[in-house]
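What follows is a single structure, written as structure tokens, with notes after it.
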Amino acid sequence: MSGGLLVAGTTSDAGKSVVTAGICRWLVRRGVKVAPFKAQNMSLNSFVTREGAEIGRAQAMQAQAARVEPTALMNPVLLKPGSDRSSQVVLMGKPVGEMSARGYHGGRQEALLGTVTECLEELRSTYDAVICEGAGSPAEINLRRTDIVNMGIARAARFPVLVVGDIDRGGVFASFFGTTALLSAEDQALVAGYLVNKFRGDVSLLEPGLDMLYGLTGRRTYGVLPYAHGLGIDEEDGLRVSLRGAVRESVVAPPHGEDVLRVAVCAVPLMSNFTDVDALAAEPGVVVRFVDRAEELADADLVIVPGTRGTVKALAWLRERGLADALVRRAAEGRPVLGICGGFQVLGERIEDEVESRAGVVDGLGLLPVRVRFDRDKTLARPVGSALGEPVEGYEIHHGVADVRGGEPFLDGCRVGAVWGTHWHGSLESDAFRRRFLVEVARAAGRRFVPAPDTSFGVLREEQLDRLGDLVEEHADTDALWRLIEGGAPAGLPFVPPGAPPLGAGAGAPESRGAAPDPAPQSPEGLGFAGSAGPTGSRGQGLDCAGPTPQELDVAGSAEATPQGLGEAAVVHVDQEAK
908 MSGGLLVAGT TSDAGKSVVT AGICRWLVRR GVKVAPFKAQ NMSLNSFVTR
958 EGAEIGRAQA MQAQAARVEP TALMNPVLLK PGSDRSSQVV LMGKPVGEMS
1008 ARGYHGGRQE ALLGTVTECL EELRSTYDAV ICEGAGSPAE INLRRTDIVN
1058 MGIARAARFP VLVVGDIDRG GVFASFFGTT ALLSAEDQAL VAGYLVNKFR
1108 GDVSLLEPGL DMLYGLTGRR TYGVLPYAHG LGIDEEDGLR VSLRGAVRES
1158 VVAPPHGEDV LRVAVCAVPL MSNFTDVDAL AAEPGVVVRF VDRAEELADA
1208 DLVIVPGTRG TVKALAWLRE RGLADALVRR AAEGRPVLGI CGGFQVLGER
1258 IEDEVESRAG VVDGLGLLPV RVRFDRDKTL ARPVGSALGE PVEGYEIHHG
1308 VADVRGGEPF LDGCRVGAVW GTHWHGSLES DAFRRRFLVE VARAAGRRFV
1358 PAPDTSFGVL REEQLDRLGD LVEEHADTDA LWRLIEGGAP AGLPFVPPGA
1408 PPLGAGAGAP ESRGAAPDPA PQSPEGLGFA GSAGPTGSRG QGLDCAGPTP
1458 QELDVAGSAE ATPQGLGEAA VVHVDQEAK
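Here it is in structure tokens:
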């Protein structure tokens, strides 16, 4: 059995994703065979593994940091928001239906604990170490009883917990102390200590506070990571846009030719996979910004309509804001527009949707000869092909099926004049294709822009992951971290009062202070969600984790079913900003 660690956070966006990736890169450079894991993720930034499973992009990035191939085992539960109060539930890489937040936390989440623990054990049997990422805060006391991603998984695996705090936000000492003091005695026994993230200034000025924190909690701080500019690493929290300088250290890279190229990305509702533009931002002289007003398109050389989890909603939003009319004018003037996935569907003639929005037939913008019909089954694929004479790789995540009725072929979509559309995410990460595409855009826009001949997005990403590994190696006590991963939480950690409060009458039976009950792990056997949930049924592929059926989870069994409990305020035990 391997060692492991849970990286929790005092808040959403404390830096759990990047710290987890940094620890993975530090360990693999040390010769340790390591894997990332996040039991439950909430994100519209997702990725398709080679087995055809959909997982969070942050876990795919962490797998790259660990130099291993990502699999569904690394993120068995993915929630994809469709509104403020409901999400699509993706289990072992496959969608099983829609569920309200109330329904998910009303016992259905608990039913998944057996599934996620089995996936974790599968990884532990294969790797020397597993670095888990938590979600939100482990001290969300209203949700502790059904928790499967923070202390729930730590308790099940007996993993030590490292709590990360973002000092750039302020209040980090109070956050560390309060997070610990709101946990039960059993949970506190696994909280080994803290890691300060995004520190600016002289560390010696921080040390008295760290000493006082130790005196108050009996727990040490394992490192103080400095604020690092220009990290464009995939995250699930909010709109962490990788604009200029986000995928390389230089904040402003001069253009290789005489002109810059301006790219405007329409910030549509429920925007998904906005990381598609990261590779454009990596190009010297390409300026990328997100916009929500029609006048902001005026000086753009290229406008991108990105993917979205709500195609019909995005189309209505574009029309309400005048962006739709601006896009139609651009197309008529021969000015470049690119639609990706949901953005591609928006540019077509007609959308027939009885699945995602259940809006029926809706007219698109009519810029491409395409008709889209939403299918209950989701397309999850890793296509390979060519465009503009160059090889291209990508991945597809969509319910919409495109019937292309004309135009020039373009990555399984089409092109008409200066308007392109494709379902392929990630295509711009193919360097030679990206350069050729930018040449086409510059020509149509009348810009004397020349792509740099040597920009490699893969190399830049590796450099960023190495930077994360360097941060951990240079600014954390790595010997102490390794002892933690290998040996677990130190014995005899003191209890910090008051501990977890009693559960309210509506949440379950009362409990004594500091004694949160163990969520009862349910055996995956007999829950009726075997190999069909994953891309394969083969344990050899590491995907034979069983799990509950949609009926046992009480999810709407298909994407078109109506979620229940939408009148309840949504309280989702995940990184909230992803919504």
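Numbering-wise, the numbering used here puts 1173 at position 266 of the sequence shown, and it's gapless, one number per residue. Beta carbons: idealized from backbone N, C-alpha and C, even for Gly.
Just the C-alpha distance for residue i and residue j, rounded to the nearest angstrom, thanks.
i	j	result
P1405	M1058	17 Å
G1433	Q966	In this predicted model, G1433 has a pLDDT of only 28, less than 50, meaning its place in the structure is not dependable; the value taken from the coordinates is given anyway. Approximately 28 Å between the Cα atoms of the pair.
E1495	P988	Limits of the chain in this structure are 908 at one end and 1486 at the other, which puts residue 1495 out of reach.
T1086	G929	23 Å
V914	L1222	39 Å
P983	A1349	42 Å
E1028	R1355	55 Å
G882	Q969	Outside the modelled stretch of the chain, which goes from 908 to 1486, sits residue 882, for which no answer is possible.
S909	P1045	23 Å
G1130	P1115	14 Å
G1313	L998	37 Å
R1062	H1382	28 Å
L986	N948	6 Å
G1255	L1287	21 Å
L1123	V1003	46 Å
S1363	P1191	11 Å
D1183	A1205	22 Å
R1342	L1245	15 Å
F954	S1007	23 Å
L1225	V975	40 Å
G1292	V1323	19 Å
D1319	L1069	45 Å
Y1302	E1336	11 Å
C1026	V996	17 Å
D1075	L1375	18 Å
P1276	V1311	6 Å
E961	D1109	43 Å
Using only alpha-carbon positions, find the residue among the options that is nearest to residue i.
i	options	result
G1217	E1261, V1311, G963, V1326	E1261
L1020	T1053, V997, A1046, S1032	T1053
D1284	V1308, V1172, S1111	V1308
A1238	A1352, P1213, E1259	A1352
V1103	G1399, A1135, E1093	A1135
V941	M981, S990, T918, R964	M981
V935	T956, P1397, V1379	V1379
V1299	G1320, H1330, F1340	F1340
L1168	V1037, P1176, V1079, E1347	E1347
A1099	A972, L1113, F1083	F1083
P1162	L1345, P943, R1278	L1345
G911	D1199, A979, I1060, E958	I1060
G916	G1041, L1112, R964, P1316	G1041
P1408	A1088, W1331, T978	A1088
T1024	S993, V1056, E1047, S994	V1056
F1251	S990, T1215, L1230	T1215
V1279	L1295, V1219, L1117	V1219
S924	A1396, E1227, C1039	C1039
Per DSSP, residue i forms a beta bridge with which residues?
i	result
M949	L986
Y1302	H1332
D1073	N1104
L1287	I1304
W933	DSSP, once it has assigned bridges, lists no residue as partnering W933.
L1168	V1193
C1173	V1198
Buried or exposed, going by whether 16 or more other CB atoms sit within 10 Å of the CB of residue i?
i	result
S1179	buried
P1243	buried
P1401	exposed
L1274	buried
G1399	exposed
E1370	exposed
P1067	buried
A1186	buried
G1271	buried
V1366	exposed
N1049	exposed
A1416	Legend: pLDDT at A1416 = 36, less than 50; position of this residue unreliable, no value from coordinates given.
E1202	exposed
R1236	exposed
S868	Lying before the first or after the last residue shown, residue 868 is absent from the chain, which here runs from 908 to 1486.
A1081	exposed
E1047	buried
Can we count residue i as close to the ligand HEM, meaning its CB is less than 8 Å from some heavy atom?
i	result
S990	The model on display carries no ligand, and the ligand HEM is accordingly not part of it.
Checklist entry - What are the complete beta strand (DSSP E) segments, minimum 3 residues, inside the region 1178 to 1206? => result With a minimum length of 3 residues, the continuous beta strand (DSSP E) runs that stay inside the region 1178 to 1206 are 1193 to 1198.
Next on the checklist: Give the list of continuous alpha helix (DSSP H) stretches no shorter than 4 residues that lie fully inside the region 1215 to 1279.
Outcome noted: For the region 1215 to 1279, whole alpha helix (DSSP H) runs of length 4 or above, ordered along the chain, are 1218 to 1227, 1230 to 1239, 1249 to 1253.
Next on the checklist: Going residue by residue through the region 1342 to 1424, where are the continuous alpha helix (DSSP H) segments of at least 4 residues, counting only ones entirely within it?
Outcome noted: If we require 4 residues or more, the alpha helix (DSSP H) runs fully inside the region 1342 to 1424 come out as 1364 to 1382, 1385 to 1394.
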